[in-house]
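Trainee: First the structure, which I've put down as structure tokens, then a few questions once you've had a look.
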């Protein structure tokens with residue numbers, strides 16, 4: 067069964083303290099791994115799509131990487147405005163369906 | 373920029389009422405999706421549509437129906453609302469598989485409370 071597990075569930079960082087969020091997945095034939103950011107009471111905002119092991123993408127202080135079993139979202143020198151829930155999702159096989167993890171709630175304190 | 377809009381941000385309904393949630397996208401996307409999001413359970417797919425008048429059940433379709441009469445519009449219908457349908461409802465759209473980017477883009481969500 068396709069599955070996505072995110073860790074940790076919650077993470078508290080000081081401003082400037084770099085860290086990583088983990089997304090472990092099991093899926094038959096990965097057809098894309100997606101990272102989203104979600105602010106309270108709002109819809110998820112697309113960040114990155116990764117398609118194959120070894121692929122990396124960057125946007126400002128965020129960098130996403132992908133292996134055959136997991137993805138990491140690295141946050142470098144975070145700021146309070148980076149506080150949000152970060153969601154990971156995978157699509158496998160010939161389907162439009164995404165399987166979501168339950169997210170990591172990140173809080174960055176000034 | 374992709375824009376997905378939802379008819380209401382907040383909605384309060386009574387048990388047994390028929391509820392309509394509407395979603396509109398402006399990117400000419402073929403695929404549209406309805407999810408619900410609950411604490412600890414993540415996003416769960418209710419229904420999706422890959423073309424006008426076409427629909428497929430997701431993982432939790434019970435108690436819901438959908439309608440897609442126009443390409444840009446996808447409606448979620450709660451035939452008889454129940455308290456366990458209190459949730460955040462999220463609509464998303466994407467291009468068809470193989471047509472370039474197939475990322476799902478989300479609307480702002482509708483927080484539905486059923487009393």
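Residue numbers (the numbering used here), protein chains in the order written: chain A, 67 to 176; chain B, 373 to 487.
All residues carry an ideal CB built from backbone N, CA and C; glycine is no exception.
1) Just tell me which of A/72, A/151 and A/144 has its CA closest to the CA of residue 112 of chain A.
2) Inspect the beta-carbon positions of residue 107 of chain A and residue 481 of chain B and report whether they are closer than 9 Å.
3) Quick check on residue 151 of chain A: does DSSP put it in helix, strand or coil?
4) If we count Cβ pairs, one from each stretch, closer than 8 Å, do we get three or more for the region 448 to 468 of chain B versus the region 391 to 405 of chain B?
5) Rounded C-beta distance between residue 398 of chain B and residue 444 of chain B? I'm assuming under 8 Å.
6) So residue 123 of chain A is in the beta strand (DSSP E); what residue range does that whole segment cover?
7) Counting only Cβ pairs nearer than 7 Å, list the residues of chain A close to residue 477 of chain B.
8) Mind listing which residues of the region 114 to 143 of chain A have their C-beta closer than 7 Å to chain B's C-betas, in chain order?
9) Under three-state DSSP, which class holds residue 455 of chain B?
10) With a cut-off of 9 Å, does the C-beta of residue 107 of chain A fall near any C-beta of chain B?
11) Is it right to say residue 411 of chain B is buried, meaning 16 or more other beta carbons lie within 10 angstroms of its own, or is it exposed?
12) Can you find a CB in chain B that lies within less than 9 Å of the CB of residue 145 of chain A?
13) Under 8 Å Cβ to Cβ from residue 146 of chain A, same chain only, skipping five residues before and after it: list those, please.
14) Nearest-angstrom Cα distance between residue 418 of chain B and residue 428 of chain B?
15) Is there a Cβ of chain B sitting closer than 9 Å to that of residue 168 of chain A, yes or no?
16) On the DSSP bridge list, what partners appear for residue 449 of chain B?
17) Output yes or no for whether 9 Å exceeds the beta carbon distance between residue 415 of chain B and residue 453 of chain B.
18) When you compare only the Cα positions, how much space is there between residue 164 of chain A and residue 91 of chain A?
19) What does DSSP give as the partner residue(s) for residue 117 of chain A in the beta ladder?
20) Please tell me whether residue 406 of chain B and residue 435 of chain B are closer than 9 Å, where the distance is taken between their beta carbons.
21) Only counting the same chain, and skipping five residues up and downstream in sequence, which positions put a Cβ closer than 6 Å to that of residue 100 of chain A?
Mentor: In short:
1) Looking at A/72, A/151 and A/144, the one whose alpha-carbon comes closest to that of residue 112 of chain A is A/151.
2) yes
3) strand
4) yes
5) 7 Å
6) 122 to 125
7) 112
8) 115
9) helix
10) yes
11) exposed
12) With 9 Å as the cut-off, residue 145 of chain A does not count as an interface residue toward chain B.
13) 81, 174, 175 and 176
14) 9 Å
15) Answer yes: the Cβ-Cβ gap between residue 168 of chain A and chain B drops below 9 Å somewhere.
16) Paired residue(s): B/392 and B/437.
17) no
18) 12 Å
19) Partner(s): none; residue 117 of chain A has no beta bridge.
20) no
21) 115 and 155
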